[in-house]
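Numbering (the numbering used here), first residue to last: 1081 to 1717. Just so you know, even glycine gets a beta-carbon here, dropped at the ideal spot from N, CA and C. If you're wondering where the values come from, they're calculated on a predicted model, not measured in any experiment. A short worksheet on the structure shown next.
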């Protein structure tokens, strides 16, 4: 956001400096992303801009609706399986979704649900299709270097509708962490009085924004089809929600830095398409402005701006050491996390990778600051926890793969769940069994007695693996069942994922199950598994994400399962892993240290996951996990 204080020519120079060199793989060929005022990608774009913005600063004494000029070339962006023409402006994006539509109508040119996308972290690629990115940690109503100003990410938890507050005043405040407070002093500003309640989204609009959205004034006589000479008096946005969309949040006050001045009061509200800001200290004509959401979105999409690492805030006063232990499934990721976190923030995390059973037992007995498990705690296990309510915080996603060592076989093994269960039940005993041959397209594998390897320790990986077997085979369901420590009908045990991987490597004709990172690190082959839709699927980040994408309503306690999810590309033995912590902490310093660590893992830490063959939590699950962290009670002393 900027107060209009420059000449039009100087603004073009400023924009060329800010955006010079920004590249994109889908951009039409052009030597610069900054366009001259008449360099529009489509005549309809130019006409829409001309109507409201062509004379801002001269004949039109008001703030821009779009900006002084395009800031990108025309781009063909994916939509509904094809592409559509778009072009970015400082304050929005123009797009043509239906080129054969009526060019005399405003909605021939639309401007995208940019605020929805930046706050949710989901890029819309079709009427009902989205790509997960990340909520944008980009200040939405301040100078870009203001590290304490609210960002799009800050608004992620304030989108729930509310009641009609017409005639009341907007006095709520928001900070960079999304914390909501009240400042009753702001109720003295008549422009903060609620003027309208929008029933479509159940949000209130204060007078400053309602007046702006419904203002009339001089405009060039244009439709997207053509412009006439001269100006007319008309409503700038007709209907009022054409440019902004409907409100998706309440209006919140914040103290931010604008034009280098810290502590400036600004009222900000998110609408579907735009951000509106009201700065009482500005000149009257420019008190209400459209935020620079077009520029922010362009940076987010094409320069990966606003990544999670930008919105972690370290809180001082925490302990300098924590003890933890449990699951081996995420151990490679955790080891990297804790090493880097400790080096940066001076907090040593001593993590004992001894299996999920160890993590559960020791959090129950309060001998760890937090535990780790690849299986959610059962109701009975939760009841036995000595410190009260245990919170489940999912940290990453992964695949449990079926690894094998078949001398003389260089192909990729294919297995279905029923066959795998029978191998572990001991009823299929040889690799040349006709059932295995049939699953592999009639190709017989080398004959050899199958050497079954399983975990010997109490293991969340075993729980998820046996949960899968119980889902696909009635004999397993009615026999060993799903358990961290089942009574194995066949085979030999090894401790941890590393132990199973090592045992399979050293044992001819062996089969075992491990987390995918162990298979990759030890160069073990692993089988393609037949999923619920009948497709043989290779475990990968993509197929793990596909399974996670089919997770429905997330339970409030975050004890969910991703085993045997539907979907053509879903890998069937997909799982999350959890860290376990008491809600009610007794040591203030340790509580602060725990909150810091968990917030870092769920933000900055997520950027580590893919490189170590773990899946990034999707935005909805990550936000649910962050909400769990907020439930941790930090004692006053």
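- The straight-line gap separating the alpha-carbon atoms of residue 1320 and residue 1416 is approximately 51 Å.
- Going by DSSP, residue 1555 is part of the alpha helix (DSSP H) stretching over 1554 to 1558.
- In the DSSP secondary-structure assignment, residue 1260 is bridged to 1254.
- Residue 1276 has 1285 as its beta-bridge partners, per DSSP.
- Residue 1385 sits away from residue 1229, with the two beta carbons spaced by 8 Å or more.
- Excluding sequence positions up to five before and after residue 1690, its CB lies within less than 8 Å of the CB of 1621, 1696, all in the same chain and listed in chain order.
- Scanning its chain for C-beta atoms nearer than 8 Å, with the 5 sequence neighbours on each side dropped, one finds around residue 1520 the residues 1491, 1493, 1494, in chain order.
- Closest by C-alpha distance to residue 1255, out of 1388, 1393, 1324, is 1393.
- By the Cβ neighbour-count rule, residue 1206 is exposed, with fewer than 16 other Cβ atoms within 10 Å of its own.
- Comparing alpha carbon positions, the residue from 1705, 1227, 1270, 1669 closest to residue 1717 is 1669.
- Close CB contacts of residue 1280 within its chain, under the 6 Å cut and outside five residues either way in sequence, are with 1326 (chain order).
- In this structure residue 1674 touches residue 1712 by the C-beta definition: roughly 6 Å separates them, less than 8 Å.
- Collapsing the DSSP output to three states places residue 1133 in a helix.
- Under the 10 Å beta carbon count, residue 1434 is surrounded by 16 or more other beta carbons and is classified as buried.
- In the DSSP assignment, no residue is bridged to residue 1457.
- In the three-state DSSP reduction, residue 1380 falls in the helix class (H, G or I).
- Unbroken beta strand (DSSP E) stretches of 3 residues or longer found wholly inside the region 1543 to 1619: 1572 to 1574, 1590 to 1595, 1608 to 1610, given in chain order.
- Sequence-distant Cβ neighbours of residue 1402 in its own chain, meaning closer than 8 Å and more than five residues away, are 1427, 1428, 1429, 1430, 1449, 1450, 1670, 1673, 1674, 1677.
- Residue 1338 holds the alpha-carbon nearest to the alpha-carbon of residue 1227 among 1338, 1591, 1331.
- When DSSP reads this structure, residue 1304 sits in no beta bridge, so it has no partner.
- Annotated three-state conformation of residue 1211 is strand, per DSSP.
- Contact annotation: residue 1481 and residue 1590 have beta-carbon atoms that are not nearer than 8 Å.
- One thing to note: residue 1516 has its Cβ within 8 Å of the Cβ of residue 1499.
- Restricting attention to beta strand (DSSP E) runs no shorter than 3 residues, the region 1444 to 1517 encloses them at 1450 to 1453, 1470 to 1485, ordered along the chain.
- Following the DSSP letters along the chain, one finds residue 1417 inside the alpha helix (DSSP H) bounded by residues 1411 to 1425.
- For residue 1338, the enclosing beta strand (DSSP E) has its first and last residue at 1332 to 1338.
- For the pair residue 1371 and residue 1171, the CB atoms are nearer than the 8 Å cut-off.
- In the DSSP assignment, residue 1668 falls within the unbroken alpha helix (DSSP H) covering 1668 to 1682.
- 8 Å or more divides the Cβ of residue 1453 from the Cβ of residue 1470.
- Nearest C-alpha to residue 1642 among 1369, 1510, 1611: 1611.
- In this structure, DSSP gives residue 1226 a state outside helix and strand, which the three-state scheme calls coil.
- As the crow flies, the alpha-carbon of residue 1650 is around 16 Å from that of residue 1544.
- Between residue 1241 and residue 1283, the C-beta gap is smaller than 8 Å, which places the two residues in contact.
- Annotation: the continuous alpha helix (DSSP H) that includes residue 1197 extends over 1194 to 1200.
- DSSP, read as helix, strand or coil, puts residue 1359 in coil.
- Taking all protein chains in view, the Cβ of residue 1513 is crowded by 16 or more other Cβ atoms within 10 Å, so the residue is classified as buried.
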